[in-house]
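Okay, so the sequence shown: first residue is 97 according to our numbering, each after it adds one.
The C-beta atom is built at its ideal place from N, Cα and C for all residues, glycine as well.
Nothing here was measured: the structure is a model prediction, and the numbers come from that model.
Below is one structure, written out as structure tokens; comments come after it.
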Amino acid sequence: MDRRKFLSSVALTSAALALDSEARQKNEPAPSGKRPVLISSANGFVGADGGYAMLQRGFDTLDAVGFVLKVQEDDPTDDSVGLGGLPNEEGVVELDACVMHGPTRRAGAVGGVREIKNVAAVARLVMERTNHVMLVGEGAQRFAVAHGFPRENLLTERSRKIWMLWRETHSDQDTWGPGVSSPDWKPPVPVPPLKPQALKEKVDDLAVRAASLGIEPDFRMAAAHRVLFPPTGTIHCSVVNEKGEMSGGTTTSGLAWKIPGRVGDSPIIGAGCYTDQDIGSAGATGTGEECIKICGAHTIVDNLRKGMTPKEAALDALERIVRNHNRSMDKIRFLSMQFYVLRKDGAYAGVSLWSHDTDGKRRKFTIHDGNKRFEESAYLLEGTPIDWPKTPDLNAKSPANA
Ligand code: GLY
97 MDRRKFLSSV ALTSAALALD SEARQKNEPA PSGKRPVLIS SANGFVGADG
147 GYAMLQRGFD TLDAVGFVLK VQEDDPTDDS VGLGGLPNEE GVVELDACVM
197 HGPTRRAGAV GGVREIKNVA AVARLVMERT NHVMLVGEGA QRFAVAHGFP
247 RENLLTERSR KIWMLWRETH SDQDTWGPGV SSPDWKPPVP VPPLKPQALK
297 EKVDDLAVRA ASLGIEPDFR MAAAHRVLFP PTGTIHCSVV NEKGEMSGGT
347 TTSGLAWKIP GRVGDSPIIG AGCYTDQDIG SAGATGTGEE CIKICGAHTI
397 VDNLRKGMTP KEAALDALER IVRNHNRSMD KIRFLSMQFY VLRKDGAYAG
447 VSLWSHDTDG KRRKFTIHDG NKRFEESAYL LEGTPIDWPK TPDLNAKSPA
497 NA
């Protein structure tokens, strides 16, 4: 999408922001009446068959959710979750997760956990083996170790190299990166005045540095993108079985390069996940801070309770995010938010703030109702977000707005 088209889509969608009841009425009701159903973020596709088979065989609904989440936590190539998750600014992987069990109306969560890979399972143990709902940091880690979880280094070589690429290039104000004795050393660009560098140049420079760090050729552009636009990743999964029992869960390594101790929406009951056995289950991926401020998953389930369809319920939550920024497109285009909604009767929706991701690809989610597939997410705004930070300037032609 070129910049003019992007801006016109922003203008067009500004009108869509005033999404009124008339527009809502155009939303088709989601398919319903079919159970079991499993919904997840797109990266849940891998584990969806296994999770669905568990629902069919009568396993507890939280077993099925746990299976789907664990597949991604164990996968070193998913750098948004578990092993291989992108680390905090100090190069340490910190994981967050929560689960909710509909039939017993219980919840468990952990935040800022280091060296423990399967944090969704730890969150479940907090729910089942304590009188608490949430443990964080060192306490959560000790709790996991006490329950037999191994401590392991979660930083894969690939994630370490991407972090190093970020660390060496995000600032010329410190001593990271090659020093004056290096043949490649160049004097820092004076600040101010700092002439904004075209994003293309910046990406090319990052790709060269990625090569020098040993990042494999076909991953260098992706690594550059992760450096410029720190991703939030995450996997959410909600399920309902044939009997109408529900569970949900969310697990993540959170925002890449975050300040140590930062916790996003994923482990917050009511933000990254909420399951109400009487109504439905919802979860989120994307800019966690925005979801926390509107209690995203709880808001959606409460909207279902009031009679909205899954799609309407999520669109309303997204509108609250937009409203929180006074509908300013200068701000909203730096945000990313995806919701996954499952009503007790099997009706579902995947709904995104933006129609496309920062790579210009149409937003999708995973659905399994006996037939596993990706479906394109409904959306509030047509266009492509530009993830924070705005590097190097809004007017540069970039993969995000090209
Ligand atoms: N949505 C994941 C996070 O912000 O940490």
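Using the three-state DSSP reduction, which class does residue i fall into: helix, strand or coil?
i	result
His266	coil
Ile417	helix
Cys387	helix
Leu191	strand
Lys493	Low confidence applies to Lys493: its pLDDT is 40, below 50, so where it sits in the model is not reliable, and the reading given next is rough at best. Here Lys493 sits in coil by DSSP.
Phe435	strand
Thr395	helix
Ile428	helix
Asp374	coil
Met404	coil
Ala107	For Ala107, the predicted model reports a pLDDT of 35, less than 50, meaning its position is unreliable; a value from the coordinates is still stated below. Three-state DSSP puts Ala107 in a helix.
Ala144	helix
Pro292	Because the pLDDT at Pro292 is just 47, under 50, the model does not fix this residue reliably, and the value given afterwards should be weighed accordingly. Coil, per DSSP.
Leu351	coil
Leu56	Any question about residue 56 goes unanswered here, given that the chain covers just 97 to 498.
Val359	coil
Val177	coil
Thr328	coil
Gly382	strand
Gly345	strand
Ala303	helix
Gly154	coil
Ala320	helix
Leu182	coil
Ala445	strand
Just mark residue i as buried or exposed, buried being the case when its beta carbon has 16 or more other beta carbons within 10 Å.
i	result
Lys339	exposed
Ala307	exposed
Asp455	exposed
Phe470	exposed
His394	buried
Ile258	buried
Ser137	buried
Val304	exposed
Asp453	buried
Ser278	exposed
Ser226	Sequence inspection shows Thr at residue 226; the Ser mentioned does not correspond to that position. Counting Cβ neighbours within 10 Å, Thr226 comes out exposed, since fewer than 16 surround it.
Asn139	buried
His228	exposed
Ile355	exposed
Asn184	buried
Arg401	exposed
Arg458	exposed
His243	exposed
The ligand GLY and residue i: does any heavy atom of the ligand fall closer than 7 Å to the residue's C-beta?
i	result
Ser362	yes
Thr383	yes
Thr330	yes
Ala380	yes
Leu351	yes
Thr348	yes
Asp192	yes
Gly235	no
Gly181	no
Gly366	no
Runs of beta strand (DSSP E) wholly within the segment 450–485 (minimum 3 residues, chain order): Counting only runs of 3+ residues, the beta strand (DSSP E) found wholly inside the segment 450–485 occupies 460–464, 468–472, 474–477, in chain order.
Runs of beta strand (DSSP E) wholly within the segment 193–266 (minimum 3 residues, chain order): Along the length of the segment 193–266, whole beta strand (DSSP E) runs at least 3 residues long occupy 202–209, 230–232, reported in chain order.
Is there contact here, the segment 424–432 with the segment 360–377, by at least three beta-carbon pairs under 8 Å? Taking a cut-off of 8 Å for Cβ pairs, the segment 424–432 and the segment 360–377 do not touch, as fewer than three such pairs fall below it.
Could you check whether the segment 343–353 touches the segment 193–200, counting it as contact only if at least three pairs of C-beta atoms, one from each stretch, sit closer than 8 Å? Enough Cβ pairs lie closer than 8 Å, so yes.
Say whether the segment 207–227 touches the segment 384–393, bearing in mind that this needs 3 or more beta-carbon pairs closer than 8 Å, one atom from each stretch. No: the two stretches stay apart, fewer than three of their Cβ pairs being nearer than 8 Å.
Count the C-beta pairs between the segment 202–213 and the segment 375–385 that are closer than 8 Å, then say yes if the count reaches three, no if not. With the rule of 3 Cβ pairs closer than 8 Å, the segment 202–213 does not count as touching the segment 375–385.
Taking 8 Å as the threshold, find out whether the segment 167–181 comes into contact with the segment 242–259 through three or more Cβ pairs. The segment 167–181, when compared against the segment 242–259, does touch it at the 8 Å Cβ threshold.
Three or more C-beta pairs below 8 Å linking the segment 313–322 and the segment 144–155: The segment 313–322 makes no contact with the segment 144–155; the number of CB pairs closer than 8 Å stays below 3.
Cβ pair count under 8 Å reaching 3, the segment 406–418 against the segment 232–242: They do not touch, by the three-pair rule.
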